[in-house]
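Take a look at the structure below.
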Amino acid sequence: MSTLARDNHVKLIKVRAHIGIIGNERADALANLGSDALPVGPGPFLYFSHNDAVNELKDNIHAKHLRMVADRKTDEKYTRAILAYLINHKDKIPTNSRTNLKNLTNILSGQSHLAASENKRDCTIVPTCHNCNEEEENSDHFLTRCIAFAKHRQEIFGRAYLTLEELVSGFKPQDIIRYINSTNRMNDDFLRFYVE
Numbered sequence: 045m046s047t048l049a050r051d052n053h054v055k056l057i058k059v060r061a062h063i064g065i066i067g068n069e070r071a072d073a074l075a076n077l078g079s080d081a082l083p084v085g086p087g088p089f090l091y092f093s094h095n096d097a098v099n100e101l102k103d104n105i106h107a108k109h110l111r112m113v114a115d116r117k118t119d120e121k122y123t124r125a126i127l128a129y130l131i132n133h134k135d136k137i138p139t140n141s142r143t144n145l146k147n148l149t150n151i152l153s154g155q156s157h158l159a160a161s162e163n164k165r166d167c168t169i170v171p172t173c174h175n176c177n178e179e180e181e182n183s184d185h186f187l188t189r190c191i192a193f194a195k196h197r198q199e200i201f202g203r204a205y206l207t208l209e210e211l212v213s214g215f216k217p218q219d220i221i222r223y224i225n226s227t228n229r230m231n232d233d234f235l236r237f238y239v240e
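First residue of the sequence shown? That's 45 in the numbering used here, and the numbers climb one at a time after it.
Next up, the structure:
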């Protein structure tokens, strides 16, 4: 192309592909012939597609995310739960709603606006679950055993009570998101926990 441009006036024009422009169709045909031919030059020749590159990047980002979760200073039970969930559901966690993704991440990491978490930030907030008044309202309690949400768990998970390990190993992200949304707990105003 450089040789042609030296002796001729060349003007490059971008055209839409595959709409019947003769010169573009001929260029596509020649490119296909070139890609089917044996490579010229020193080897080795490795085919590394765009999809391979994207998948490699996703895998590296996923591995980095797992390391970041493992290194966080969080209750070990929640760290194990979120790591198991991320490993088992790689590329399957729905991101159609930022709110859903935020709620899922916050609940699984134990960093939600539940009473026990809020109490760690502000000691005037009562850590006891205001729905059942039986124990501290943390992620484990909310997801697996709060009596106030037993009906929601029964409808979505088929059981009223389960362990955190059973939840993260046996259910899809969409199921946990449906449960969180069905309770409306993440929509509650947590200020009602303040001691009056």
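Virtual Cβ for every residue (Gly too), placed ideally from N, Cα, C.
- The continuous alpha helix (DSSP H) containing His196 extends over residues Ala194 to Phe201.
- Closest option to Thr172, judged by alpha-carbon separation, among Arg165, Asn182 and Asp103: Asn182.
- With a 10 Å radius around the Cβ and a threshold of 16 neighbouring Cβ atoms, Tyr129 comes out buried.
- In the three-state DSSP reduction, Thr188 falls in the helix class (H, G or I).
- DSSP, reduced to helix, strand and coil, places Ile169 within a strand of the structure shown.
- Note on geometry: alpha-carbon atoms of Ile66 and Val59 lie some 11 Å from one another.
- Cβ atoms of Ile224 and Met230 come within 8 Å of each other, at about 6 Å.
- Judged by DSSP in its simplified three-state form, Glu69 adopts helix.
- In the structure shown, Glu179 falls within a coil segment according to DSSP collapsed to helix, strand and coil.
- In chain order, Val59 place their CB closer than 6 Å to the CB of Asn68, counting only its own chain and leaving out the 5 sequence neighbours on each side.
- Annotation for Leu56: no alpha helix (DSSP H) segment contains it, and DSSP assigns it neither H nor E.
- Here DSSP, grouped into helix, strand and coil, assigns Tyr205 to coil.
- Arg222: member of the alpha helix (DSSP H) spanning Pro217 to Thr227, first to last residue.
- Ile105 is classed as exposed because its beta carbon has fewer than 16 other beta carbons within 10 Å across all chains shown.
- Within a 10 Å sphere around the beta-carbon of Asp166 sit fewer than 16 other beta-carbons, which makes this residue exposed.
- Residue environment for Ile63: exposed (fewer than 16 other C-beta atoms within 10 angstroms of its C-beta).
- Taking C-beta atoms as the reference points, Cys176 and Ile191 count as a pair closer than 7 Å.
- The C-alpha of Ala194 lies about 15 Å from the C-alpha of His174.
- Following the DSSP letters along the chain, one finds Asn52 in no alpha helix (DSSP H), marked with neither H nor E.
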